[in-house]
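Keeping their order, the protein sequence lines are chains A and B.
Residue numbers for the first sequence follow the working numbering, so the first one is 3 and each next one is one higher.
Residue numbers for the second sequence follow the working numbering, so the first one is 3 and each next one is one higher.
Using N, Cα and C, we set each Cβ at its ideal position, and we do this for glycine too.
All values reported here derive from a predicted model rather than from experimental measurement.
Number of protein chains: 2
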Amino acid sequence: MKYAAILAGGKGIRFWPLSREEEPKQLLKIFGNYSLLQHTFKRIAKIIDKERIFIITNKDYANAIKYQLKEFGCCDGNIIVEVSPKNTAASIGLIAKMIEAKDSEGILSVFPADHFIKEEKKFFRALAAGFSLAQKDHMAIFGIKPLRAESGYGYIQVSRNAVKEKYAFKVNRFIEKPNKALAAKLIKRKDIYWNGGIFIWKASLLLRQIQRFMPALHAVLNETDKKRFEQRWNKLQSISIDYGVVEKCQRNLFVIELACGWTDLGNWSTIDFVLSRDKDNNAVEGDVLTIDTKNTTVWSSHHLTVTLGLRDMVVADTPDALLVCPKERAQEVSQVVNLLREKKRFEYMTPRLVNRPWGRYFVLNETEKYKTKWVEVFEGKRLSLQLHKRRAEHWIVVEGTAKVTIGNAIHYVKSNQSIYVPRGKKHRIENEKKERLVFIEVQTGAYLGEDDIERFHDDYERA
Amino acid sequence: MKYAAILAGGKGIRFWPLSREEEPKQLLKIFGNYSLLQHTFKRIAKIIDKERIFIITNKDYANAIKYQLKEFGCCDGNIIVEVSPKNTAASIGLIAKMIEAKDSEGILSVFPADHFIKEEKKFFRALAAGFSLAQKDHMAIFGIKPLRAESGYGYIQVSRNAVKEKYAFKVNRFIEKPNKALAAKLIKRKDIYWNGGIFIWKASLLLRQIQRFMPALHAVLNETDKKRFEQRWNKLQSISIDYGVVEKCQRNLFVIELACGWTDLGNWSTIDFVLSRDKDNNAVEGDVLTIDTKNTTVWSSHHLTVTLGLRDMVVADTPDALLVCPKERAQEVSQVVNLLREKKRFEYMTPRLVNRPWGRYFVLNETEKYKTKWVEVFEGKRLSLQLHKRRAEHWIVVEGTAKVTIGNAIHYVKSNQSIYVPRGKKHRIENEKKERLVFIEVQTGAYLGEDDIERFHDDYERA
């Protein structure tokens, strides 16, 4: 049987300020209405049964992923939460172990959550070739013809003379993150590919290779006691599957060429391979006016952005943070985020528009004495039954109808009506209708932190 | 007697998005708590009686100027509102005529509203020399040693051999807006100055020169019938005092060197001569993190801005509009504003934080169905008694106490209390206290434009 693992635990911070630690790039809706993860899930679900698609992530993203994938029929049990992030070798090993336990001949395909594929048919054709190789106890990896001298990628040099099947090559050598000069040389060669981070192999074969090359990991995967497993997992080295296994077992490894408009959405400089471009080769999103601007990426999420005389730049603006840098420095945005984390700036972490299982909200303005929020509650959803010890709340409904519980009383508050929630009173707001509910919340009090909340009942197990 | 005219009618659009047509640069509080106009008024009031300082502007800015200068003791009658903007020759002629009528020996000094002077003592010393020249029926203009090859300025070449008094030179020639190459040549010469746009002369002498070189303007200034005056004024050509008069009467014209840290705040590239600069020569204002960024101006009015790897750039962000351009293109920002005007984008015109005589407000968010505003009412001020035909308003007081009139009833609404203003009801909000009043307003209705307002009584004559 065919299985898939989608790796969705990455922090994807290089898209800051669009991505945040609480909302990494795989969960962002960059293209239309779906997140990168949703796109990936939908794509893979076309060739593999949903019940056999696993998503591996960490505990911070598990809830968001559950809610993003629910509408696509992904069951919660298939979302695997790692004890702690230990890079891809451990993640993939964990899934392989799970699969092997129920299907000793199971074939595992592995996909990053944040790739963009333009031509699905060609993509599926390449995967089919990979599955057929894997069936014969080979390991298939996928290579993309380099588009530029990218120094952040892994490169594969193949042996053109040792073709196994059509489009499947033996590996000559791996070149990890070459410097700019070497990358420029490499991309001129015909036998060079980028490593696409997609793998297909039998779960049992992979586990044998892990046993051989990563015995410590293998031992942990075989640990049956939950507590000891967690302790030992936490002590694992963080190693990628490439370093840990793939690069060491070249004997039965084959590279399949992936010619399907593949893009790794690694940082801002790559996004313009995906967004449509104007006549000056600018990729713009949102309310943007470009004047004599070329080869520039502009993301304007909330207001008008005017660029004048720019070349090869990235301008990414969100309601609470703006980034401006040359494209060639986009790779360094992760260092920006690390710096913000060191400086304890919330902007590295929390997005302005906060997604919750029941809806979403964002802060309109905030001072020490009061805070104004825009809040949307999805159809049929409700917030937890809660109280705040240090703040009162005023709710003005502007769209839909709210069912509001305050103490023991229930009120229906319609659009253009308001209600007051006194400090210390148990309360709940619910949208019973088949339309969205939007209200403006004005908080007043001595302390306005999100952590002043006592939950008594919650549909999302946060109580 | 000494008189002063401050020219404050300019649109100052090159500081967009900080400046807007409704809030030109002279009214912006760029440095600390005072606007450029306020700084200028305060400075001049140190050497000239307030009653003899006139401000000339157009009707759009008259109210704002009144309220900005009231606290400095400028009386409303000294704010002269032109029938229509006709450039500096007409403005200065108008003031000269007013002065001559009451003081035939009056000496008029003229200042732009938007200059920055670092060393006031030196500035006053140069002005004193100018007044003494003017007393002797000369015309004094002021020259600044060029700091860079600025092509947008007027240059003056002086005759070093024809020194009238210490530091006062005869003019050799005027060079208006030289191209970059010529400007670069000019600034290497010792006999070259920038024209600072400051003039001192007897009002009577100036009027004689206007009579000689601009007879049409002179005739209009002598028109006594108000209606005919307005009609003829509207037909005047727009000519600067430099072109129209100064450059033509070189016989009794002298240039005084102004060495006092003068800066013309013409566009974004000049602001960094005034703001303090960091070790990488960046001028930043607001919440800004610069990483490997040099010679760059960053204005971040409302959120975090991160710049990475920038050189010689301008990044100016406001809540509703962002501009990014190289410094050397800053001059072209006026074209950006013109483009926005053509596109009927409100961002060219209205600032996010709107100043009103009674206080200020800004829109927190806005959709077709509802709008949320932050509103501050100054101590002792009140809005007009008004009604809205198409919207209702919810007010949540978050600071201070509001006296609210709705129909015939009066309510006192304290912090953390709210009140509802139904559609079509006469209402008024007032701050009687000696502290500021802040409330959040949520508007709902079919139409939310600012023009849905019927005023019955207004402290500011807008009813």
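In the same chain as B:V356, and ignoring 5 residues on each side of it, the C-beta atoms closer than 7 angstroms to its own belong to R362, Y363 and F364, in chain order. Non-local beta-carbon contacts of A:S37 in its own chain, meaning distances under 8 angstroms to residues more than five positions away in sequence, involve Q28, L29, L30, K31 and Q70 in chain order.
DSSP lists B:F364 as the beta-bridge partner residues of B:L355. Taken atom to atom, the span from the alpha-carbon of B:Y195 to that of B:R22 is near 31 angstroms.
Listed in chain order, the non-local C-beta contacts of A:F458 below 8 angstroms within the same chain comprise S386, L387, Q388, L389, K428 and A465, local neighbours out to five positions each way being set aside.
Partner residues in the beta bridge of B:M315, as assigned by DSSP, are B:P328.
Note that the C-beta distance between B:A136 and B:A130 is not below 7 angstroms. Collapsing the DSSP output to three states places B:V423 in a strand.
Here A:V377 is bridged, per DSSP, to A:Y363 and A:F441.
At a cut-off of 7 angstroms, the C-beta of B:W376 has a neighbouring C-beta in chain A.
For chain A, the residues of the region 349–363 of chain B that bring a beta carbon within less than 8 angstroms of one of its beta carbons are E349, in chain order. Along the region 143–208 of chain A, the alpha helix (DSSP H) occurs as fully enclosed runs of 4 or more residues at 182–188, listed in sequence order.
Distance from the CA of B:E378 to the CA of A:Q337, rounded to the nearest whole angstrom, comes to 40 angstroms. B:G14 sits away from B:T59, with the two beta carbons spaced by 7 angstroms or more. At a cut-off of 7 angstroms between C-beta atoms, B:P328 counts as an interface residue with respect to chain A.
Interface with chain B (7 angstroms Cβ-Cβ cutoff): A:N418 is included. The beta-carbon of A:V160 is placed no less than 7 angstroms from the nearest beta-carbon of chain B. By DSSP's assignment, B:H459 forms a beta bridge with B:L387. Using a Cβ-Cβ cut-off of 7 angstroms, B:V400 counts as an interface residue toward chain A, since at least one Cβ of chain A sits closer than that to its own.
For B:G382, the closest alpha carbon among the candidates B:F231, B:V257, B:G199 and B:T403 is that of B:T403. Straight-line measurement puts the Cα of A:G34 at about 24 angstroms from the Cα of A:I50. Residue state for B:V400 is assigned as strand, using DSSP reduced to three classes. Looking at the DSSP output, B:P114 shares a beta bridge with B:L9. Fully contained in the region 252–329 of chain A are the following beta strand (DSSP E) runs of length 3 or more, in chain order: 255–259, 264–266, 285–293, 299–310, 315–320 and 323–328. Chain-order list of chain A residues neighbouring B:L439: empty, with the shortest C-beta distance near 13 angstroms, by a criterion of under 9 angstroms. If you check each beta-carbon in the region 79–96 of chain B against every beta-carbon of chain A, none falls closer than 9 angstroms. Measuring C-alpha to C-alpha distances from A:L184 to each of A:H305, A:K172 and A:Q159 identifies A:Q159 as the nearest.
In this structure, DSSP gives A:A47 a state outside helix and strand, which the three-state scheme calls coil.
By DSSP's assignment, A:E25 forms a beta bridge with A:R22. The contact set of A:P180 on chain B, defined by CB atoms closer than 7 angstroms, is empty, because the minimum CB distance reaches about 22 angstroms. In this structure, B:V415 sits away from B:W18, with a CB-CB distance that is not shorter than 7 angstroms. Listed along the chain, the chain A residues whose CB falls inside 9 angstroms of the CB of B:V276 amount to none; the nearest CB is some 22 angstroms away. For A:D116, the closest of A:I46, A:V399, A:K281 and A:K405 by C-alpha to C-alpha distance is A:I46.
Around A:E334, the same chain offers C327 as residues with beta carbons nearer than 8 angstroms, after the five sequence neighbours per side are excluded.
For the region 213–226 of chain B, the beta-carbon criterion of a distance under 7 angstroms to any beta-carbon of chain A is satisfied by none of its residues. For A:M3, the closest C-alpha among the options A:I119, A:A323, A:R150 and A:S106 is that of A:S106.
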